[in-house]
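Quick mapping for you: the protein sequence lines, in order, are chains A and B.
So in my numbering, spot 56 of the first sequence is number 56, and the numbers just go up one at a time.
Positions in the second sequence are counted from 1; adding 1000 to them yields my numbering.
Ideal Cβ placement from N, Cα and C applies to all residues, glycine included.
Since we're looking at a predicted model, the values are computed, not measured.
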Amino acid sequence: MSMRRGQRWAIARYVGLTLFAIPWVVVPIWMVVVNSFKMAGEAANLTLDLPSIWSIAENYTAVLVQGNYLRALGNSLLISGVTIFAVVLIGAAAAWGFGRSRSKAMQVAYYIIVLSILIPPTLIPTIYLLRDMHIEGSTLGYILVLIGTRMGIVVFLATGFVRALPPDMEDAAFIDGASRLQIFFLIMLPLLTPVLFVGSIILVITVWGDFFFATFLLPGSQRATLPLALYSFATSSVQSFRWNLVFAHVVLSSLPLIVAYVFLQRRIVGGLTEGALKG
Amino acid sequence: MTGRPTSTLRDGARTAPRRARLKPTNIWFALPAMAFVGLFFVVPLALNLPLSFSSWTTYRSEIVWNGFSNFSLLHGQGYLINAIWVTLAYSVVAMLVQNVVSLSLAYALRDSTLLNGFFRSLFFLPVLISPLAAGYVWRGILDPAGPLNAFISMFWPGFDFAWLGNITTALPAVAFVDAWKWIGLTTLVYIAGINSVPREVNEAAYIDGANAWQAFWRVTFPMLAPAFTFNVVVTLIGAFSAFDVIQAMTGGGPGAATRSINVLLRIQWGLGNFGAGSALGLIITVMVIVAAVPLVAWLRRREV
Chain A
1 MSMRRGQRWA
11 IARYVGLTLF
21 AIPWVVVPIW
31 MVVVNSFKMA
41 GEAANLTLDL
51 PSIWSIAENY
61 TAVLVQGNYL
71 RALGNSLLIS
81 GVTIFAVVLI
91 GAAAAWGFGR
101 SRSKAMQVAY
111 YIIVLSILIP
121 PTLIPTIYLL
131 RDMHIEGSTL
141 GYILVLIGTR
151 MGIVVFLATG
161 FVRALPPDME
171 DAAFIDGASR
181 LQIFFLIMLP
191 LLTPVLFVGS
201 IILVITVWGD
211 FFFATFLLPG
221 SQRATLPLAL
231 YSFATSSVQS
241 FRWNLVFAHV
251 VLSSLPLIVA
261 YVFLQRRIVG
271 GLTEGALKG
Chain B
1001 MTGRPTSTLR
1011 DGARTAPRRA
1021 RLKPTNIWFA
1031 LPAMAFVGLF
1041 FVVPLALNLP
1051 LSFSSWTTYR
1061 SEIVWNGFSN
1071 FSLLHGQGYL
1081 INAIWVTLAY
1091 SVVAMLVQNV
1101 VSLSLAYALR
1111 DSTLLNGFFR
1121 SLFFLPVLIS
1131 PLAAGYVWRG
1141 ILDPAGPLNA
1151 FISMFWPGFD
1161 FAWLGNITTA
1171 LPAVAFVDAW
1181 KWIGLTTLVY
1191 IAGINSVPRE
1201 VNEAAYIDGA
1211 NAWQAFWRVT
1221 FPMLAPAFTF
1231 NVVVTLIGAF
1241 SAFDVIQAMT
1251 GGGPGAATRS
1261 INVLLRIQWG
1271 LGNFGAGSAL
1281 GLIITVMVIV
1291 AAVPLVAWLR
1301 RREV
């Protein structure tokens, strides 16, 4: 009895999931892609039909040329790369410190850093601070702010991981005369790789997509990241919303993370599921 | 030959707990992180308080104390209460949609089979799209000419409704998109939570005569509580900072129907009212603290 009921339940579940996935993910993606291939007038109807006149090259060239795409891509790659590298390295070092320390002061510092995950960073005083440091409106200022405000999640995840590790390996290496830096780079960092991978995924998602802080901290098209380029491209047309071009920009802006995801999806989904359990 | 050193080592271990280990001077390793968080998170957070009560604008370079005038300026224009209300409603809708949908998806996809892996990956796709881009995608779906109205027209010929142009529907619509964008991630957290419940516990419930519904609510759900606490708090508080999706979909309109605190902050910034902008930032900080502390305490009490 249970065999048949189990099978019927499984079939019903997958039918339900498919019916849910179509409007939830498939239609939105299809609408964006297919309309990004159309001429402006046809795209304005926002139908799901194939284009009657294909306009792929024109639309995507417009995004590359007028949409500031390539420069924004370069800026996004630079900003995300530097930020994630710094946060992971500095955060892992801090996690080792916090995970192995029993001092009250260190405990307090740890809680303050964890609190930074929950409390959203305050924008206008940040601008005030950057102005005071003479780095307002610069890529450097934006990266420093990102490092300071995204550190919490990595420190939190990695400290929990360090606490669960027995200190035997570090002890043994220390007795054998290894320096702290050697122990950190040769023992701790490799052990922390899985949790740092999870942290990097969360970081790349939030840093790549950041629009709020970027709007205020990165003025001008020179320093624009992909969300900034998309926004100024979408709002640049006075007459009407050019759906075909906006969607082409959406496709190109989303492509880098989606391509990376296609190659790494097993590790990403698996890592996040396991990482969530530990965090 | 090797007998003696071994025995002394053992004796040493027994008499004094061998903590020839790293002294807790690892503080140096934590220092860079403390410096970054201190300078770029704690300092602005502290600065926000005096700035909220200051007269900092584009037009006046000196910053002086001006009491509650930033708050009364915002309140006098009728903006403040509306923005707080919009933000709260947005957050509650986003939190509810996100947790109900992702908990259901997680329950359906809890087993790690090949097919479930495919669906998990599919539902994860929106997480990779920037919130701004997600806003543009759904602005298209919800457009009067868009696919949603086209679908409804199949049953209701001539159906034409501007979801984002209507004061009542615009706010839940933008909040829904916020939830849509993040559901893939919360689903994974719930899957991890569900799978941390030992199978035997569920089987025992079935043997005792529970049906699937009862087993879920009486057995699985209470043990899911840590994941539930985490997701509810994070989604609610995260939505207090609502900005990107709204900016893409409605720009705060129609009227002020979707003008959240951060959208209002952007407007005040554009007007050069930096003090008023700081005051709005302070309101979000206070809201987060007020919501987080009792929510965490309350949800913790429900945990097994």
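Practice problem: Under 6 Å Cβ to Cβ from Y1190/B, same chain only, skipping five residues before and after it: list those, please. | Solution: Result list for Y1190/B: S1102, L1103, A1106, A1227, in chain order.
Quiz item: Out of curiosity, what's the CA-to-CA distance linking V1177/B and G1275/B?
Solution: Going from the Cα of V1177/B to the Cα of G1275/B covers about 31 Å.
Quiz item: Closest Cβ-Cβ distance between N45/A and chain B: below 8 Å?
Solution: Using beta-carbon distances, N45/A counts as an interface residue toward chain B, with a partner under 8 Å.
Quiz item: Just by C-beta distance, which residues in the region 1284 to 1298 of chain B are closer than 8 Å to chain A?
Solution: Within the region 1284 to 1298 of chain B, the residues whose Cβ lies closer than 8 Å to some Cβ of chain A are I1284, T1285, V1288, I1289, A1292, listed in chain order.
Quiz item: Would L1265/B pass as a contact of L123/A if the rule is Cβ separation under 8 Å?
Solution: Cβ atoms of L1265/B and L123/A: closer than 8 Å.
Self-check item: Residues that T126/A contacts on chain B, provided the C-beta gap is smaller than 8 Å
Solution: Those within 8 Å of T126/A in chain B are F1040, P1044.
Practice problem: Please go through the same chain and pick out, in chain order, the residues whose beta-carbon is closer than 6 Å to the beta-carbon of A234/A, but skip the five residues on each side of it. | Solution: Cβ within range, chain order: V246.
Quiz item: Which residues bound the alpha helix (DSSP H) around E58/A?
Solution: E58/A -> alpha helix (DSSP H) spans 56 to 66.
Quiz item: Between which two residues does the alpha helix (DSSP H) carrying E1200/B extend?
Solution: In the DSSP assignment, E1200/B falls within the alpha helix (DSSP H) that extends over 1199 to 1207.
Quiz item: Can you find a CB in chain B that lies within less than 8 Å of the CB of V25/A?
Solution: Residue contact check for V25/A against chain B: a CB pair falls below 8 Å.
Self-check item: Proximity below 8 Å, CB of Y14/A to CB of L1122/B
Solution: No, Cβ-Cβ distance for Y14/A and L1122/B is not below 8 Å.
Exercise. Out of V1234/B, I1246/B, Q1247/B, state which residue places its alpha-carbon closest to the alpha-carbon of M1095/B.
Key: Among V1234/B, I1246/B, Q1247/B, the Cα nearest to that of M1095/B is on V1234/B.
Quiz prompt | Separation of D132/A from P1024/B, as counted between CA atoms | solution = In this prediction, P1024/B has a pLDDT of 47, which is less than 50 and means its spatial position is unreliable; what the coordinates show is noted afterwards. For the pair P1024/B and D132/A, the Cα-to-Cα distance works out to about 36 Å.
Self-check item: Whole-angstrom C-beta distance between M151/A and F1036/B, which should lie under 8 Å
Solution: Their Cβ separation, rounded to whole angstroms, is 6 Å, which keeps F1036/B and M151/A in contact under 8 Å.
Quiz prompt | Any non-hydrogen atom of the ligand ADP within 7 Å of L1122/B CB | solution = Judged by which ligands are present, the structure shown has none, so any question about the ligand ADP falls away.
Practice problem: May I ask you to report which of helix, strand or coil DSSP gives S1054/B? | Solution: Strand, per DSSP.
Quiz item: With distances taken between CB atoms, is the gap from T1119/B to L1128/B smaller than 8 Å?
Solution: The sequence shown places Phe at residue 1119/B, not Thr. Going by C-beta atoms, F1119/B is not nearer than 8 Å to L1128/B.
Quiz item: Going along the region 1235 to 1247 of chain B in order, which residues come within less than 9 Å of chain A, judged by CB to CB distance?
Solution: If the cut-off is 9 Å between Cβ atoms, the region 1235 to 1247 of chain B has I1237, G1238, F1240, S1241, F1243, D1244, Q1247 near chain A.
Practice problem: Determine the chain A residues that contact Y1136/B at a beta-carbon separation under 7 Å, and present them in chain order. | Solution: Under the 7 Å cutoff, chain A gives A234, V246, V250.
Exercise. Spell out whether any CB of chain A is found under 8 Å from the CB atom of M1034/B.
Key: Yes, contact with chain A.
Quiz item: Between the region 1144 to 1162 of chain B and the region 1187 to 1206 of chain B, do at least 3 Cβ pairs fall closer than 8 Å?
Solution: Counting Cβ pairs under 8 Å, fewer than three are found: no touch.
Practice problem: Taking the CB atoms as reference points, tell me whether R1218/B and A1225/B lie closer together than 8 Å. | Solution: No.
Quiz item: What's the gap between the Cα of V1293/B and the Cα of G91/A?
Solution: CA-to-CA, the gap between V1293/B and G91/A works out to about 26 Å.
Exercise. At 7 Å on the CB atoms, spell out the chain A contacts of N1262/B, in chain order.
Key: Chain order gives the chain A residues near N1262/B as F212, where near means a beta carbon separation below 7 Å.
Quiz item: Between A1248/B, T1187/B, S1260/B, which lies nearest to F211/A when the distance is taken from Cα to Cα?
Solution: Minimum Cα-Cα distance from F211/A among the listed residues A1248/B, T1187/B, S1260/B corresponds to A1248/B.
Self-check item: Chain-ordered neighbours of S221/A on chain B, where CB pairs are closer than 7 Å
Solution: Contacts between S221/A and chain B, judged by CB atoms closer than 7 Å, are missing: the closest CB pair is about 16 Å apart.
Quiz item: Which residues share a DSSP beta bridge with W1065/B?
Solution: BP columns for W1065/B point to S1054/B.
Practice problem: Check N1099/B in the structure and name its three-state DSSP category. | Solution: Helix, per DSSP.
Self-check item: Contacts that R1120/B makes with chain A (C-beta to C-beta distance below 7 Å)
Solution: The answer, in chain order, is V269.
Practice problem: Please specify which runs of the alpha helix (DSSP H), each continuous and at least 4 residues long, are wholly inside the region 1196 to 1269 of chain B, giving them in chain order. | Solution: DSSP runs (the alpha helix (DSSP H)) wholly in the region 1196 to 1269 of chain B: 1199 to 1207, 1212 to 1215, 1225 to 1240, 1244 to 1249.
Exercise. Pull up the distance between the alpha-carbon of I1027/B and that of N1066/B, whole angstroms please.
Key: So the alpha carbons of these two residues sit roughly 41 Å apart.
Exercise. Measure the CB-CB distance between F1029/B and F184/A and report whether it falls below 8 Å.
Key: Inclusion of F1029/B and F184/A in the CB contact set at 8 Å is warranted, their separation being smaller than that value.
Quiz item: Expressed to the nearest angstrom, what Euclidean distance is found between the alpha-carbon atoms of S1112/B and V1201/B?
Solution: So the two alpha carbons sit approximately 19 Å from each other.
Quiz item: Pick from F216/A, I202/A, W24/A, S179/A: whose alpha carbon is nearest that of T83/A?
Solution: Nearest Cα to T83/A within the set F216/A, I202/A, W24/A, S179/A: I202/A.
Quiz item: S80/A versus chain B: which residues are under 9 Å apart at the beta carbon?
Solution: Those do not exist, as S80/A stays about 12 Å from chain B at its closest Cβ, beyond 9 Å.
Practice problem: With E42/A as the anchor, note down where its alpha helix (DSSP H) starts and where it stops. | Solution: The continuous alpha helix (DSSP H) containing E42/A extends over residues 40 to 43.
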